[in-house]
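Have a look at the structure below before the remarks.
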Amino acid sequence: MFTGFYDRLRAAKLPVSLREYLSFLEALAAQVVLYDAEGFYYLARATLVKDERHVDRFDRAFSESFSGLESLGPEAVLAAVELPAEWLRKLAEAHLSEEERARIEAAGGFEKLMEMLAQRLREQEGRHQGGSKWIGTAGTSPFGAFGYNPEGVRIGQDASRHRR
87 MFTGFYDRLR AAKLPVSLRE YLSFLEALAA QVVLYDAEGF YYLARATLVK DERHVDRFDR
147 AFSESFSGLE SLGPEAVLAA VELPAEWLRK LAEAHLSEEE RARIEAAGGF EKLMEMLAQR
207 LREQEGRHQG GSKWIGTAGT SPFGAFGYNP EGVRIGQDAS RHRR
């Protein structure tokens, strides 16, 4: 997943071992850092740099590998990634209660919800806040973050604010 980053570090003559790289990947898999670009940077630096003399070279390699990622919104990420429907269904099963799954099925099912999400991603042209249709924040749309829709898909938010 991050082999290009590892290759850049090695090309910059940083003495990064395979074990250190695997430790970095293990920390990511353990979700030591989640949805935090600065935390991701410090995790990478802590696991991959042994000597402070190498920090400047690390910074350059990191910048070359990840510059511009902070400005990407969830829409751009979802548009670039094709997630298999089965993965999304399994994720929903793991995180939704029986009642929430029943409401999704009553609204047309998970496939219908994913079709609506894909359609909105194609139609939407920019950031949106509030409202009940577009992918955005603080609304009642079934897609987005920091709003409220019990049958929705949370994008860019790691926990529910309304779970009781």
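So for the sequence shown, the numbering used here puts the first residue at 87; every next one is plus one.
Beta carbons are placed, not taken as given, at the ideal position from N, Cα and C, and that holds for glycine.
Residue ranges of each alpha helix (DSSP H) within the stretch 89–133, 4 or longer: 89–97 and 104–115
Close Cβ partners of D93 (< 7 Å) along its chain, the five nearest in sequence each way excluded: Taking the first residue of the sequence shown as position 1, residue 93 is located at position 7. Same-chain partners within the cutoff: there are none.
Measure the C-alpha to C-alpha separation of S149 and K136 and round it to an integer number of angstroms. Taking the sequence shown and counting its residues from 1, one reaches residue 149 at position 63. Taking the sequence shown and counting its residues from 1, one reaches residue 136 at position 50. Going by the C-alpha atoms only, they are around 19 Å apart.
Please classify R250: does DSSP put it in a helix, a strand, or coil? Along the sequence shown, one-based indexing puts residue 250 at 164. Residue placement at R250 cannot be trusted, given a pLDDT of 46 that sits under 50; what the coordinates show is reported in the next sentence. In the structure shown, R250 sits in coil (DSSP, three-state: anything other than H, G, I, E or B).
Determine the DSSP secondary structure at S157, reduced to helix, strand or coil. Position 71 of the sequence shown, counted from the start, is the residue given in the question as residue 157. The answer is helix: DSSP assigns S157 an H, G or I state.
Where S157 and A123 are concerned, what is the direct C-alpha to C-alpha distance, given to the nearest angstrom? For the purposes of this step, residue 157 is taken as the residue at position 71 of the sequence shown. For the purposes of this step, residue 123 is taken as the residue at position 37 of the sequence shown. Approximately 10 Å between the Cα atoms of the pair.
Would you decide whether R61 is buried or exposed? Buried here means 16 or more other CB atoms lie within 10 Å of its CB. No answer is possible for residue 61: it lies beyond the span of the chain, which begins at 87 and ends at 250.
Looking at C-alpha atoms only, which residue of A204, E172, R131 and E138 is the closest neighbour of L111? By one-based count along the sequence shown, residue 111 stands at place 25. If we check each option's Cα against that of L111, R131 comes out closest.
Minimum C-alpha distance to L203 - residue among F91, A171 and L155: For the purposes of this step, residue 203 is taken as residue 117 along the sequence shown, with counting starting at 1. Ranking the options by Cα distance to L203, first place goes to A171.
Given L134, which residues of its chain have a CB within under 8 Å of its CB, disregarding the five upstream and five downstream residues? The residue labelled residue 134 in the question sits at position 48 within the sequence shown. So the list reads L95, L100, V102, E106, Y107, F110 and F144, once near-sequence residues are dropped.
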